[in-house]
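Engineer:
Residue numbers (our numbering): 1 to 174.
#1: Write down the C-beta distance between residue 6 and residue 80 rounded to the nearest angstrom, noting that I regard them as a contact closer than 8 Å.
#2: By how many angstroms is the C-alpha of residue 101 removed from the C-alpha of residue 111?
#3: Based on DSSP bridge pairs, tell me the residues matched to residue 69.
#4: Note the first and the last residue of the continuous beta strand (DSSP E) segment covering residue 20.
#5: Identify whether residue 3 lies in helix, strand or coil by the three-state DSSP scheme.
#6: Return the chain-ordered list of same chain residues with a C-beta closer than 7 Å to the C-beta of residue 66, the five sequence neighbours on each side being excluded.
#7: Using CA coordinates, which residue listed in 161, 68, 171 and 16 is at the minimum distance from residue 85?
#8: Determine the DSSP secondary structure at residue 39, reduced to helix, strand or coil.
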């Protein structure tokens, strides 16, 4: 049975107990993520479960999905996008324990203090963002130049010579 998402949790203890949490996290509670967005409305449906794998290694896995408004990097107008992340984190007590773990598996160092679960989920949401978000060219007001055929020279005669054009005829005999 899933419980509501707690503010703070002992990650190792949750893994030993096999805890599961589910709930909605509103975007306005995710201040770091909000810096990348074009508004604070909406929320994410979050599911998180903890457990121990076959090697008795504690882990945390989950998903978060929702809609976000993120600015287009061409026109800076908001784009409404579905944003979903799936994550699995291996819980380790120190950086030394990460040495045997493959590079494609993410780890989180557990200090023994209760961890802010929402901050961990927020980190995963930020990591899941596109590097450069843009409208499709035909939907973006600022991308008219991309669709304008006059901006691209049609023939070799229309092209301006490059600054290194004179070097093409330069012959070096060693």
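Ideal Cβ placement from N, Cα and C applies to all residues, glycine included. Just so we're clear, the structure is a prediction, and the values are computed from it rather than from any experiment.
Structural biologist: Based on what the coordinates show:
#1: About 30 Å separates the two Cβ atoms, so there is no contact after all.
#2: 18 Å
#3: 80
#4: 20-26
#5: strand
#6: 42, 43, 44, 45 and 83
#7: 68
#8: coil
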